[in-house]
Amino acid sequence: MKTEYIELDENRIDPDVIRRAGAVLREGGLVAFPTETVYGLGGDALNPESSRKIYAAKGRPQDNPLIVHICRMEDLAPITEEIPEEGYALAEAFWPGPLTMIFNKSILVPKETTGGLSTVAVRFPSNRIAAELIRAAGGYIAAPSANASGRPSPTLGRHCLEDLDGKVEMILDGGPVGIGLESTIIDLTSEVPTILRPGYVTQEMLEQVLGSVEIDRTILGEDSSLPPKAPGMKYRHYAPRGELVIVEGDAERVIEYINGACREYAGRGCRTGVICTDETASRYRADLVRSAGSRSDEESVARCLFRILREFDEEGAQFMFSESFDRAGLGQAVMNRLMKAAGHRVVKV
Ligand code: AMP
Ligand code: MG
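Position in the sequence shown (first residue = 1) + 26 = my numbering.
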C-alpha cells in the first residue's frame, strides 16, 4: 500500500485533510497522527477489523490492548459499563490531557480492541489535530503508539514513516510532540485506583484529586516475577537495537566509568553512545554523545529520550550508556521507560 504523508499545522489545520483522514478511518483504514504524548496509530475503535489491522501493522502481540481515544466527555458513557466518581473527578482535573483511565467496557467495544479484556482504556487527548481527527472518524479512535512493536515510541512524524511506511494509509505529521512519553494509565476498576503506567500526570498529581492511589509494584521493578497489570508493560519495549546500560552513582564516577567503558568498546571497533545532560555533555568521549537537556528540566529529558534512542539506531550505536535520573515526579516515568529500554541493566558505581 502507498502511504500518504501529510504535514499539518496544529494552529491552522487544513479541514480537507482531516475530512479525508476521517473517511479513511471510517472505511476501516489506518492513520498515524500526533497527540501531545507520542504519535498514535489510529483505527476505528468500534470496528474489530480495524483493530486487527493495527496489530498487524505494528507487529503487536494480540493480547496487548489498545487505548480508545475520544474528543467529547459525552462519548465516554456509551463505551463504558459504569463511570465511578473517581472517573469524573480525574476527567475534570486532567482531560483533555495525557491521562488514560481504565473502566469496565460496554458491549459497543469489540474484544479485538481490548486485547480480549472486559475493560477498556480511554483517553481524551488535548492535541487539536487528534481531537479533530477523532471527531471526523466518528468519535472513537483506537490508537497504540505508532511505532513498530518493541521500538521506541515516535515523537516526530518521520519516526512513524520509518516504522509504518507501506503499512498504513496515511501519516499526519504535526511536528514534534510536546511531552514525549506515553500517557499515564490508571485503573479505576480495582478496589483502590492503581497506576499501571507512569507518565506526565504523576502519582502526586493523581493523589491530590483522589486521596490515595496505588502503583502497580511491577512498575517500580521491585518484584519482576509478577506480571504487570497493563499487559503491554510486560513486553520488551522502547529498546534500541544495540545494548543500553544505565550507570548510577556519584556524577564524577559515572563519567569515569562510562568513558572507560566507551574507550574499551571503541578499542574493539564498536560504535558507542551516551545519553547525558547539558551539565556533563562536554565531559564524555564516545562516538555519539547526546544531551537530553538540563538535569533540572525533567520535561526536557522526557521529551528527548525516545528521539535519542532512535538516533542511536540510525547511527548504528552498538553499546550505549545512560546517566540515571531522579525518580521523583516525572522522573518515575522517565526511569520506567529508560529501565525498559535498557532491559533493566543497571551498573552502580
Ligand atoms: P500504547 O498505546 O502503545 O502505549 O499501549 C497501550 C498500553 O495500554 C499498553 O501498555 C496496554 O497494555 C495498556 N492497556 C490498554 N488497555 C488496557 C486495559 N483494558 N487494561 C490494562 N491495560 C491496558
Ligand atoms: Mg506503545
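Even glycine gets a Cβ: it sits at the ideal position worked out from N, Cα and C.
Relative to Thr220, the option among Ala367, Glu53, Glu112 whose CA is nearest is Glu112.
In this structure, Thr306 has its CB at a distance of at least 7 angstroms from all heavy atoms of the ligand AMP. Inter-residue distance for Pro41 and Ser320 is about 38 angstroms (C-alpha atoms, whole angstroms). When the five nearest sequence neighbours on each side are left out, the beta carbons in the same chain lying within less than 8 angstroms of the beta carbon of Asp70 are those of Leu51, Arg52, Gly54, Ser76, Ala163, Gly164, Tyr166, Ile167, Ala168, in order along the chain. DSSP places Thr228 in the coil class of the three-state scheme, outside both helix and strand.
The ligand MG approaches Gly258 closely enough that one of its heavy atoms is under 7 angstroms from the residue's Cβ. Partner residues in the beta bridge of Asp70, as assigned by DSSP, are Ile167. Under the DSSP assignment, Leu198 falls outside any alpha helix (DSSP H), being part of the beta strand (DSSP E) whose first and last residues are 196-199. About 16 angstroms separates the beta carbons of Ser132 and Ile93, which is beyond the 8 angstroms limit, so they are not a contact pair.
Per the Cβ contact rule, the stretch 339-351 is in contact with the stretch 295-302 (3 or more Cβ pairs under 8 angstroms). Contact between Ile212 and Ile128 holds, since their C-beta atoms are separated by about 7 angstroms, short of 8 angstroms. Beta-bridge partners assigned by DSSP to Tyr31: Ile197.
Bounds of any beta strand (DSSP E) do not take in Gly141, whose DSSP letter is neither H nor E. A straight line joining the alpha-carbon of Ala265 with that of Ala277 spans about 25 angstroms. DSSP places Ser326 outside any beta strand (DSSP E); the residue lies instead in the alpha helix (DSSP H), whose first and last residues are 324-340.
Closest in alpha carbon position to Val373, among Ile272, Gly295, Glu337, Val327, is Ile272.
Taken from the Cβ of Pro266, every heavy atom of the ligand MG lies 7 angstroms or farther away. Linking Arg363 to Arg329 through their CA atoms gives a straight-line distance of about 12 angstroms. Each residue's CA atom was taken as its position, placing Leu134 and Glu33 some 33 angstroms apart. In this structure, the straight-line span from the alpha carbon of Arg311 to that of Ala287 is close to 10 angstroms.
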